[in-house]
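Q:
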Amino acid sequence: MTNPAQHNVLLLETNEDIHQIISKMLPAFDLTLKRVTYISDAELALRSLERPSFIILGTGFTHDKILHFVHRIRLLSSLKDIPVILLIDDIDTSKIKAALDAGISRYLATTFLPGNLSNVIRDFGVSSGYV
251 MTNPAQHNVL LLETNEDIHQ IISKMLPAFD LTLKRVTYIS DAELALRSLE RPSFIILGTG
311 FTHDKILHFV HRIRLLSSLK DIPVILLIDD IDTSKIKAAL DAGISRYLAT TFLPGNLSNV
371 IRDFGVSSGY V
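Under our numbering, the first residue of the sequence shown carries the number 251, and numbering increases by one thereafter.
1) Leaving out the 5 sequence neighbours to the left and right, which residues in its chain are closer than 7 Å to Arg-324 when beta-carbon positions are compared?
2) Kindly give me the distance between the Cβ atoms of Ile-341 and Phe-319, rounded to whole angstroms, as I take these residues to be in contact under 8 Å.
3) What do you get for Val-381, buried or exposed, if any count of 16 or more other CB atoms within 10 angstroms of its CB means buried?
4) Report the start-end ranges of each beta strand (DSSP E) in the region 284-370 that is 3 residues or longer and not cut off at the edges.
5) Tell me which same chain residues have a C-beta within less than 6 Å of the C-beta of Thr-292, skipping the five on either side of it?
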């Protein structure tokens, strides 16, 4: 698939290490990153920015706050189908099930982030400039 001229990714993350990993990966996919560290800023960005290609939700928030955020964006017709990736530090099947039920598209363990995130980006139809 050919990349559109501009892809945007909204990252809601407080962890600087994860932010650095993701920001170094995305240029290979012609993706630009908008990072916010507060849920309220993410909501504002979604109202004011061009629709992102997908949203990545980081590990610095309580599970309940993430579920509430996802539920709210799924109610908006313009964001109902946008892919949402949840980064997780621990594998808790009940939390993963609740996140998927709330509308998370995919979840990724942070321990395997670079390779797994690249695969998910490709799954969403964005190709890398690298072979």
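Even glycine gets a Cβ: it sits at the ideal position worked out from N, Cα and C.
A: Judging by the given coordinates:
1) In chain order, Lys-330, Gly-353 place their CB closer than 7 Å to the CB of Arg-324, counting only its own chain and leaving out the 5 sequence neighbours on each side.
2) With a Cβ gap of about 21 Å, Ile-341 and Phe-319 do not count as contacting.
3) Residue placement at Val-381 is flagged as unreliable, the pLDDT there being 37, under the threshold of 50; a coordinate-derived value is accordingly withheld.
4) With a minimum length of 3 residues, the continuous beta strand (DSSP E) runs that stay inside the region 284-370 are 304-307, 334-338, 356-359.
5) Per the sequence shown, the amino acid found at residue 292 is Ala instead of Thr. Taken in chain order, the residues that qualify are Leu-262, Val-286.
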